[in-house]
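Engineer: First residue of the sequence shown? That's 15 in the working numbering, and the numbers climb one at a time after it.
Next up is a structure, given as structure tokens.
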Amino acid sequence: MVDVAKYFMNFLRDESCGKCFTCRKGTQRMWEILDDVSRGRGNGEQLGLLQELAEVVKDTTMCGLGQTASNPVLSTLRYFRHEFEEHIHKRTCRAGVCKELVGAPCQTACPVGTEAWRYVAHIARGELEEAYRVIREANPFPSVCARVCHHPCEERCRAGTVSGQAIAIRALKRYVTDRIDPFSYKPVRMRKVTKSSPAVAIVGAGPAGLTCAHYLSLMGYRVTIFEAEQRAGGMMLSAIPAYRLPREVLEKEIASLLSKDIAIKYGVALGRDITIDGLFRDGYKAIFLALGAHKSRRLGVEGEDAEGVFSSIQYLRSFNLEEKQQARGRVGVIGGGNSAVDAARVALRQRDVRSVTIFYRRTREEMPAFAEEVDAAVQEGVRLETLVSPLQILTRKGRVAGLRLIRNVLGDVDATGRRRPVPVPGSEYDCELDSIIVAISEGSDVDSVAVASGQKIETTPQETVKVDPDTLCTNVPGVFAGGDVARGPNTVVDAIADGKRAATMIDRYVRGEQLQQPPEVRLPRVYVPPVQVSEEIAAARRVETPRAAVEWRKRGFAEVEMSLTPEEAAREASRCLRCDLEFVQRPEARA
Numbered sequence: 015m016v017d018v019a020k021y022f023m024n025f026l027r028d029e030s031c032g033k034c035f036t037c038r039k040g041t042q043r044m045w046e047i048l049d050d051v052s053r054g055r056g057n058g059e060q061l062g063l064l065q066e067l068a069e070v071v072k073d074t075t076m077c078g079l080g081q082t083a084s085n086p087v088l089s090t091l092r093y094f095r096h097e098f099e100e101h102i103h104k105r106t107c108r109a110g111v112c113k114e115l116v117g118a119p120c121q122t123a124c125p126v127g128t129e130a131w132r133y134v135a136h137i138a139r140g141e142l143e144e145a146y147r148v149i150r151e152a153n154p155f156p157s158v159c160a161r162v163c164h165h166p167c168e169e170r171c172r173a174g175t176v177s178g179q180a181i182a183i184r185a186l187k188r189y190v191t192d193r194i195d196p197f198s199y200k201p202v203r204m205r206k207v208t209k210s211s212p213a214v215a216i217v218g219a220g221p222a223g224l225t226c227a228h229y230l231s232l233m234g235y236r237v238t239i240f241e242a243e244q245r246a247g248g249m250m251l252s253a254i255p256a257y258r259l260p261r262e263v264l265e266k267e268i269a270s271l272l273s274k275d276i277a278i279k280y281g282v283a284l285g286r287d288i289t290i291d292g293l294f295r296d297g298y299k300a301i302f303l304a305l306g307a308h309k310s311r312r313l314g315v316e317g318e319d320a321e322g323v324f325s326s327i328q329y330l331r332s333f334n335l336e337e338k339q340q341a342r343g344r345v346g347v348i349g350g351g352n353s354a355v356d357a358a359r360v361a362l363r364q365r366d367v368r369s370v371t372i373f374y375r376r377t378r379e380e381m382p383a384f385a386e387e388v389d390a391a392v393q394e395g396v397r398l399e400t401l402v403s404p405l406q407i408l409t410r411k412g413r414v415a416g417l418r419l420i421r422n423v424l425g426d427v428d429a430t431g432r433r434r435p436v437p438v439p440g441s442e443y444d445c446e447l448d449s450i451i452v453a454i455s456e457g458s459d460v461d462s463v464a465v466a467s468g469q470k471i472e473t474t475p476q477e478t479v480k481v482d483p484d485t486l487c488t489n490v491p492g493v494f495a496g497g498d499v500a501r502g503p504n505t506v507v508d509a510i511a512d513g514k515r516a517a518t519m520i521d522r523y524v525r526g527e528q529l530q531q532p533p534e535v536r537l538p539r540v541y542v543p544p545v546q547v548s549e550e551i552a553a554a555r556r557v558e559t560p561r562a563a564v565e566w567r568k569r570g571f572a573e574v575e576m577s578l579t580p581e582e583a584a585r586e587a588s589r590c591l592r593c594d595l596e597f598v599q600r601p602e603a604r605a
């Protein structure tokens with residue numbers, strides 16, 4: 015909306031005839047302020063001046079053009095003021111259109127700030143070691159994210175907005191990480207760790223906790239991670255199936271992050287074995303809560319406690335950590351998120367399962383699960399039953415016998431931005447089932463946080479820990495929280511981003527520095543020579559990520575997605591439009 019207001023004001027200042035001084039100079043000055051805001055040079059005082067100018071121009075000009083010239087400014091300030099404030103205070107443009115704030119859209123869209131354009135350029139040149147270094151500098155879990163990231167970089171890719179064929183950035187990352195050993199990367203230490211170095215406690219060895227520990231150790235801190243399970247990995251281990259994230263890949267990446275400055279204590283649960291006050295008494299200068307979201311929400315229907323009903327999180331955990339095959343016969347999965355799809359595909363691979371059906375209350379297009387995962391599930395034989403809601407779990411002698419559902423139609427848009435499912439009276443029907451997996455949502459174990467903190471740490475009605483979104487501080491000094499325990503169910507890369515930010519904030523807190531500091535705009539600064547691109551490559555379509563044959567992958571838990579070939583990777587990387595070249599120069603040109 016900042017860009018929209020700037021566009022109209024640029025047009026109107028040229029159209030002003032000049033007879034009204036306030037119109038001629040007012041529109042010019044409004045454009046200058048909007049230009050400053052769009053370039054990240056604005057300040058809070060300018061917003062007040064912008065509004066005042068707009069009102070003066072509207073009230074004092076003589077013609078229709080001058081009297082309406084202020085409307086784009088006044089309307090956007092009234093309804094989208096938060097976007098102006100984001101440009102000024104956070105120096106970000108969520109629409110991705112203000113060039114001086116966005117730089118390369120793929121990098122700006124990445125929660126951890128990966129220079130995707132840069133490693134794609136190195137891949138096109140065949141420089142895999144350099145590409146891996148670029149990836150790893152920003153992200154301590156490159157092999158994991160190459161498989162399970164929701165790739166927001168591709169959503170903002172300029173090649174995608176121009177031609178509808180975004181660069182396959184995640185597949186290119188997979189191509190690199192499959193060929194470079196994670197132990198080959200040597201991170202740069204900011205400060206050495208000594209016996210007198212400050213100690214920090216981290217609760218949870220998932221992506222957020224491990225990331226925070228890694229970066230704090232590089233900053234010179236002694237870190238102890240307390241993990242309730244007997245293995246590190248968190249939701250990456252307990253909730254993501256091996257056919258999406260092979261265990262050997264995950265374990266190797268975690269091992270590459272750990273060092274002698276990071277201690278992990280397994281089987282230690284917050285609220286049961288440790289408390290917040292106890293950790294502070296033990297000498298820890300700060301605490302980072304990264305417990306994840308391992309608590310499934312209930313359906314709230316009759317029969318939910320019957321034998322054969324499982325929550326998706328516990329179902330996946332039991333299989334991934336304990337190899338228990340709990341589902342049998344005809345399996346129904348209630349929900350439409352990634353957890354539901356993962357549970358369905360896991361159930362389909364178990365020996366006593368005959369069929370699997372996902373029941374979702376909206377349409378397939380509105381399912382929050384990754385589209386490629388839904389497609390893979392359908393290819394493997396999972397059936398989708400959409401526009402239905404559960405009314406009752408039918409039982410026989412205390413065990414699941416079926417599910418009573420009601421059909422829906424889509425009504426008005428609700429708070430989530432999706433059309434609300436409306437039950438159709440008289441459309442109830444029964445479906446025979448032997449097992450039901452409930453995957454409607456996950457919550458955090460805020461009860462243990464409350465117990466461990468003596469009710470001091472504030473939580474939200476959504477069962478998350480309440481934090482400052484910029485600093486990740488809780489209401490208790492020295493206690494920070496991030497990942498799913500603060501966000502609710504979310505993505506791996508967002509949890510990694512929280513771990514990185516938490517490490518920075520904890521470092522500032524312990525050193526007595528201001529937590530909130532002016533943000534840095536991430537623009538391309540490194541010149542990577544482009545490759546010659548033939549007309550054939552320029553016109554090529556996006557590469558299709560290779561997958562194992564359907565009948566083969568249904569037999570077990572071997573990885574489904576395959577890596578690109580060198581030829582495919584080079585061709586795909588060469589399709590990149592190289593947005594970075596707009597911001598960097600050849601070294602000889604600078605000289």
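We put the beta carbon where it would ideally sit given N, CA and C, even for glycine.
What you are looking at is a predicted structure, and each value in this text was computed from that prediction instead of being measured.
(1) Between GLY178 and GLY218, which are expected to be in contact by the criterion C-beta below 8 Å, what is the C-beta distance as a whole number of angstroms?
(2) Is the separation between the beta-carbon of GLY395 and that of LEU408 shorter than 8 Å?
(3) Counting C-beta neighbours from all protein chains within 10 Å, is the total for GLY496 16 or more, i.e. buried, or is it exposed?
(4) Apply the 10 Å Cβ neighbour rule to SER198 and answer buried if 16 or more other Cβ atoms are within range, or exposed otherwise.
(5) Which stretch, first to last residue, makes up the alpha helix (DSSP H) that contains SER177?
(6) Rounded to the nearest angstrom, what separates GLU169 and LYS187 at their Cα positions?
(7) Give me the Cα-Cα distance between MET519 and ALA320, rounded to the nearest whole angstrom.
(8) What do you get for PRO560, buried or exposed, if any count of 16 or more other CB atoms within 10 angstroms of its CB means buried?
(9) Taking only runs of the alpha helix (DSSP H) that begin and end inside the stretch 65-96, which ones reach a length of at least 4 residues, in chain order?
(10) Have a look at VAL18, CYS171, GLU129, ILE137 and flag the residue whose alpha-carbon is nearest the alpha-carbon of ALA152.
(11) Which of the three DSSP states is assigned to ASP17 in this structure?
(12) Give me the residue from CYS31, THR41, GLY32 with the minimum Cα distance to MET23.
(13) On the premise that GLY322 lies in contact with ASP448, defined as a C-beta separation below 8 Å, what is that separation, rounded to the nearest angstrom?
(14) List the DSSP bridge partners of ARG363.
(15) Would you identify the three-state DSSP class for CYS590, choosing helix, strand or coil?
(16) What are the boundary residues of the beta strand (DSSP E) that includes ALA213?
(17) Only counting runs of 4 or more residues, tell me where the alpha helix (DSSP H) segments fall wholly within the stretch 263-309, in order along the chain.
(18) Rounded to whole angstroms, what is the Cα-Cα separation between CYS120 and LYS33?
(19) If you measure between the beta carbons of ALA19 and VAL116, is that distance less than 8 Å?
(20) Where does THR518 fall in DSSP's three states?
(21) Report yes or no: do three or more beta-carbon pairs, one from the stretch 270-289 and one from the stretch 228-240, lie closer than 8 Å?
(22) Between the stretch 256-268 and the stretch 154-164, do three or more beta carbon pairs fall short of 8 Å?
(23) How about SER458 and VAL499: do their beta carbons lie closer than 8 Å?
(24) Have a look at THR90, PRO532, ASN504 and flag the residue whose alpha-carbon is nearest the alpha-carbon of ALA304.
(25) Compute the Euclidean distance between the alpha carbons of ALA253 and VAL70, then round it to the nearest angstrom.
(26) If you compare alpha carbons, which of ILE47, PRO543, ASP389 is closest to VAL355?
(27) Please list, in chain order, all residues of the same chain as MET15 whose beta carbon is under 6 Å from its beta carbon, the five residues on each side excluded.
(28) Quick one: what's TYR199 bridged to in DSSP?
(29) Where are the alpha helix (DSSP H) runs, 4 residues long or more, that stay fully inside the stretch 429-485, in chain order?
(30) Which residues bound the alpha helix (DSSP H) around ILE47?
(31) For a test of the three-state rule: what should DSSP assign to ASP426, helix, strand or coil?
(32) With burial defined as no fewer than 16 other Cβ atoms inside 10 Å of the residue's Cβ, what is the status of LYS279: buried or exposed?
(33) Beta strand (DSSP E) containing GLN406: first to last residue?
(34) Tell me where the alpha helix (DSSP H) around ARG205 begins and ends.
(35) Work out the CA separation of ASP444 and ASP195 for me, nearest whole Å.
(36) Shortest alpha-carbon distance to ALA83 belongs to which of THR36, HIS103, GLU114?
Structural biologist: Taking the definition as stated:
(1) Not really, about 40 Å apart at Cβ, beyond 8 Å.
(2) Against a cut-off of 8 Å, the Cβ pair of LEU408 and GLY395 comes out as no contact.
(3) buried
(4) exposed
(5) Per DSSP, SER177 belongs to the alpha helix (DSSP H) from 172-177.
(6) 16 Å
(7) 46 Å
(8) Looking at its Cβ environment, which holds fewer than 16 other Cβ atoms inside 10 Å, PRO560 is exposed.
(9) 78-82, 85-93, all fully within the stretch 65-96.
(10) GLU129
(11) Here ASP17 sits in helix by DSSP.
(12) THR41
(13) 6 Å
(14) According to DSSP, ARG363 bridges with nothing at all.
(15) coil
(16) 213-217
(17) 290-295
(18) Answer to the nearest angstrom: the Cα atoms are 46 Å apart.
(19) no
(20) helix
(21) The way I'd put it, the stretch 270-289 does touch the stretch 228-240; three or more beta-carbon pairs between them come closer than 8 Å.
(22) The stretch 256-268 is in contact with the stretch 154-164.
(23) yes
(24) ASN504
(25) 58 Å
(26) ASP389
(27) THR90, PHE94, GLU97
(28) Partner(s): none; TYR199 has no beta bridge.
(29) 460-467
(30) In the DSSP assignment, ILE47 falls within the alpha helix (DSSP H) that extends over 35-52.
(31) strand
(32) exposed
(33) 402-410
(34) Run containing ARG205: none; DSSP gives neither H nor E here.
(35) 52 Å
(36) THR36
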